[in-house]
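S.K.: Sharing a structure below in structure tokens format, with a few things to ask.
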Amino acid sequence: MFSSEEIRARFLNFFEKRGHKIIPSASLVPENDPSVLFTTAGMHPLVPYLLGQTHPMGKRLANSQKSLRTVDIDEVGDNTHATFFEMLGNWSLGDYFKEDAIKWSYEFLTSKEEGLGLDPSRLYVTVFEGDERAPKDDESFKIWRRLGLPEERIYFMSAKSNWWSAGDSGPSGSDTEMFYDVADKGLNIKTKEDFMKADEKQQVVEIWNDVFMEYEMKDGKVIGKLKNKNVDTGSGLERVAMVVQKKTDIFETDLFDYLMRKIDELSGTDATKLSGEEVLRAKRIAADHIRASVFVIADGVTPSNTDRGYILRRLLRRAIRYSDILKIKEGGLGAIAASVIEKYGSIYKNLSENKEMIFKEIGDEERKFRKTLQIGLRKLELLMKDKEKEMKKTDLAVRTRPDVGAKSADFINAISGKKAFDLYQNYGFPFELIQEELAKHLLFAHEKEFKDEYDKEFKKHQELSRAGSTQKFKGGLADMSEVSIKYHTATHLLHAALREILGDHVLQRGSNITPERVRFDFSHDAKMSDEEKKKIEDIVNQKIKESLPISFEEMNIGEAKTSGALGVFGEKYGEKVKVYKIGDEKRGIFSMELCGGPHIENTSKLGHLKIVKEEAVSAGVRRIKAVLE
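Counting from 237, one number per residue, gives the positions in the sequence shown under the working numbering.
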């Protein structure tokens with residue numbers, strides 16, 4: 237049985253022996269990609285290279301990439317879902333394609349000498365069945381058959397499961413997915429229908445995915461072939477560890493078991509009041525959310541009410557709520573965070589380097605949330621009092637529950653499911669806590685109607701959030717439109733001007749680019765005056781008038797550090813980086829930053845920059861919204 241550290245090391249060694257350069261994990265905060273809030277897969281930092289740019293490390297790459305996904309946050313607590321995870325990945329940028337990708341995937345999974353030594357008879361595979369975007373993937377099917385996989389364990393599936401794309405626009409293609417039978421005695425599945433049922437029950441677990449990127453999409457439609465045929469392989473370390481270590485869920489693996497023990501140590505839960513299932517779910521959510529929060533904070537995100545900060549705030553507040561269920565005392569989350577840092581600190585050094593900041597942000601958020609809970613509780617009490625008054629006016633007595641003798645026909649809910657959701661959304665007041673308070677006052681009735689209405693509002697909120705996320709991707713830099721590239725270039729001028737007027741403490745803390753405007757976050761702890769904003773506008777527009785050339789140079793990371801180029805130096809960069817310069821030797825270099833591109837060739841093409849808004853984002857971080865006229 238291999239530990240998670242051994243699995244990670246064996247994967248990287250396996251592909252290094254096959255000509256792959258090992259690149260470091262990128263930050264969870266995407267570099268020069270405003271299209272997504274977090275890095276959700278290993279391919280995100282590589283999108284420019286998948287679209288045809290030359291990678292400084294070559295055509296074969298591999299790494300273990302930090303990733304964060306919150307779309308399925310409500311699934312966390314089951315056997316296989318986590319918000320933060322590590323994605324083991326290998327890529328071919330116009331080099332090998334289906335034959336080698338599938339062969340090496342199979343070899344690593346089953347080889348006892350170099351791989352994981354998994355039982356080939358428990359392996360199941362899916363391939364793309366074809367549609368209007370691309371034909372049926374018979375090639376992958378034939379490769380699997382040549383490797384010895386029986387036909388009855390290879391299933392053709394729709395695009396819903398076997399087509400991958402970077403949102404509505406960008407590189408895309410069919411994929412083949414590998415699943416492992418985790419049932420005690422093995423299921424010996426023979427039909428596609430039985431396989432799908434087993435997948436739904438988590439009796440087979442997806443452990444590997446080979447994406448064959450050969451198409452380009454725009455606005456949800458395939459518009460042609462990419463310059464190169466690429467391979468993007470992904471294998472979630474948490475799920476692989478579960479399978480290799482023969483555990484029934486990811487929380488029993490060595491990636492989580494130390495956290496579960498720490499939570500048991502801190503918890504004062506009375507098992508007589510909660511079911512074992514409730515306790516287990518609470519422990520899993522607390523462990524997952526604190527682990528994710530530690531990594532997010534270490535990469536420079538702080539809790540706030542917008543974008544990445546909002547996601548972090550939600551993770552922490554859910555963790556606090558579930559730690560309360562477990563009767564973990566205030567401050568206990570810091571002890572859980574310390575265990576995460578101890579586990580990963582030697583692998584991801586920024587965790588150890590930023591541990592004091594991590595403890596501070598978690599502690600501060602816990603204190604703020606507890607104050608918010610008090611406000612929410614007072615609001616709920618007012619709603620309940622109003623309901624009591626309403627009932628008295630209509631000559632109705634406060635109704636009790638069936639277990640104390642009232643007829644069900646007499647029941648009325650104290651508050652609506654919609655108002656309950658408003659309490660959750662506006663005050664972070666958890667649904668379970670609302671139920672508890674209503675029960676205390678004997679005001680709660682019609683549980684199903686109440687829960688259904690709450691769930692309806694929650695689902696509506698989720699759909700809006702997902703739509704916003706999709707739009708964010710669609711309107712971001714990843715569309716490579718000329719206007720987006722202009723705005724991207726303008727951020728370099730804006731960054732340099734801010735540092736010139738406000739001071740060298742100013743550093744970029746994030747950006748979001750659409751064809752309509754640029755949003756630029758930067759470190760600064762005071763509101764800008766109108767005079768300061770005018771000076772910054774004047775500097776940027778003067779550099780535009782000067783028609784400064786824009787160029788880049790590839791250099792070693794050490795050279796970039798000593799050259800004076802701006803960048804958050806650390807694990808997000810490889811040995812070779814691009815340094816973009818605005819200016820020339822004659823007129824001087826105005827801006828020099830590490831950046832992946834793309835940019836326009838000359839500032840004269842930008843037009844005129846105007847700052848339309850400046851505001852606070854979080855403690856020590858300001859935000860500018862600007863347009864090019």
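Ideal Cβ positions, reconstructed from N, Cα and C, are used throughout, including at glycine.
Keeping to the same chain, check which residues put their C-beta closer than 6 Å to that of R520; ignore five residues upstream and five downstream.
M.R.: G313, F487
S.K.: Tell me which same chain residues have a C-beta within less than 6 Å of the C-beta of E322, skipping the five on either side of it?
M.R.: The residues S300, L473, in chain order, have a CB closer than 6 Å to that of E322 in the same chain once the five nearest residues on each side in sequence are set aside.
S.K.: Just the C-alpha distance for S799 and P292, rounded to the nearest angstrom, thanks.
M.R.: Spanning the alpha carbons of S799 and P292 requires a straight line of approximately 19 Å.
S.K.: To test your reading of the DSSP string, which unbroken alpha helix (DSSP H) runs of 4 or more residues are found completely within the segment 507-548?
M.R.: 512-534
S.K.: Using a 10 Å radius around the Cβ and a threshold of 16 neighbouring Cβ atoms, would you call N466 buried or exposed?
M.R.: The residue in question, N466, is buried, as its Cβ has 16 or more Cβ neighbours within 10 Å.
S.K.: Evaluate P284 with the Cβ neighbour count: other Cβ atoms within 10 Å of its Cβ, from every protein chain shown; 16 or more gives buried, anything less gives exposed.
M.R.: buried
S.K.: Note down, one range per segment and in chain order, each beta strand (DSSP E) of at least 3 residues found wholly within the segment 296-366.
M.R.: 296-304, 320-329, 359-364
S.K.: Is the segment 329-349 touching the segment 446-466, taking contact as three or more C-beta pairs under 8 Å?
M.R.: Between the segment 329-349 and the segment 446-466, the count of C-beta pairs closer than 8 Å reaches three or more; the two stretches touch.
S.K.: Which residue marks the beginning of the beta strand (DSSP E) containing Q778, and which one marks its end?
M.R.: Looking at the DSSP string, Q778 is not in any beta strand (DSSP E); the run it does join, the alpha helix (DSSP H), is 766-781.
S.K.: Would you please state the rounded distance, in angstroms, between the beta carbons of L830 and G843? I believe it to be under 8 Å.
M.R.: Not really, about 26 Å apart at Cβ, beyond 8 Å.
S.K.: I'd like to know if the segment 592-604 and the segment 570-578 are in contact, where contact means that at least 3 CB-CB pairs between them fall below 8 Å.
M.R.: yes
S.K.: Under the rule that 16 or more other beta-carbon atoms within 10 Å means buried, what is V857, buried or exposed?
M.R.: It counts as buried.
S.K.: How is M828 classed by DSSP in three states: helix, strand or coil?
M.R.: strand
S.K.: Under the three-state reduction of DSSP, which class applies to R745: helix, strand or coil?
M.R.: strand
S.K.: Would the segment 735-742 count as touching the segment 751-765 if we require 3 or more Cβ pairs under 8 Å?
M.R.: The answer is yes - the segment 751-765 touches the segment 735-742, with three or more Cβ pairs under 8 Å.
S.K.: Considering just the uninterrupted stretch of the beta strand (DSSP E) at T798, what are its terminal residues?
M.R.: Element bounds for T798: not the beta strand (DSSP E) but the alpha helix (DSSP H), 793-799.
S.K.: Between the Cα of V363 and the Cα atoms of T750, T412, T346, H317, which residue gives the shortest distance?
M.R.: T412
S.K.: Just how far apart, CA to CA, sit V515 and D500?
M.R.: 10 Å
S.K.: Tell me the DSSP secondary structure of M620 in three-state form.
M.R.: helix
S.K.: From V307 to R550, what does the alpha carbon distance come to, in whole angstroms?
M.R.: Their Cα atoms are separated by approximately 12 Å.
S.K.: Under three-state DSSP, which class holds S588?
M.R.: DSSP places S588 in the helix class (H, G or I) of the three-state scheme.
S.K.: Identify the continuous beta strand (DSSP E) that holds P407 and give its terminal residues.
M.R.: If you look at P407, you'll find it in the beta strand (DSSP E) that goes 406-417.
S.K.: Just grab the DSSP bridge partners of E501 for me.
M.R.: The partner list for E501 (beta bridge, DSSP) is empty, contrary to what the question assumes.
S.K.: Can you give the beta carbon distance from I737 to I772, rounded, assuming they're within the 8 Å contact cut?
M.R.: At roughly 5 Å, the Cβ-Cβ gap stays under 8 Å, so I737 and I772 are in contact.
S.K.: Could you give the residue range of the beta strand (DSSP E) that holds D446?
M.R.: From DSSP, the beta strand (DSSP E) with D446 extends over 440-454.
S.K.: Less than 8 Å between C-beta atoms, sequence neighbours within five positions excluded: which residues of the same chain meet that for G641?
M.R.: A caution first: G641 carries a pLDDT of 43, below 50, which makes its placement in the model too unreliable to give a value.
S.K.: Excluding the 5 residues flanking L462 on each side, which residues of the same chain have their C-beta closer than 8 Å to its C-beta?
M.R.: For L462, same chain residues with a beta-carbon under 8 Å away, outside a window of 5 residues either side, are L286, L287, G288, P407, M449, E450, Y451, E452 in chain order.
S.K.: What residues in its chain sit with their C-beta under 8 Å from that of T276, if we drop five residues either side in the sequence?
M.R.: S303, L304, R305
S.K.: Under the three-state reduction of DSSP, which class applies to V272: helix, strand or coil?
M.R.: coil
S.K.: Distance check for E267 and K781, CA to CA, integer angstroms please.
M.R.: 28 Å
S.K.: Contact between the segment 348-364 and the segment 483-497: three or more CB pairs below 8 Å?
M.R.: no
S.K.: Which residues in the same chain as A434 place their Cβ atom closer than 7 Å to its Cβ, once the five residues preceding and following it in sequence are excluded?
M.R.: L423, I425, V440
S.K.: Nearest CA to the CA of G567: which residue from I258, H728, E601, N315?
M.R.: When each option's Cα is compared against that of G567, the closest is E601.
S.K.: Does the segment 353-362 come close enough to the segment 382-390 that 3 or more CB-CB pairs lie under 8 Å?
M.R.: Under the 8 Å Cβ criterion, the segment 382-390 counts as touching the segment 353-362, having at least three qualifying pairs.
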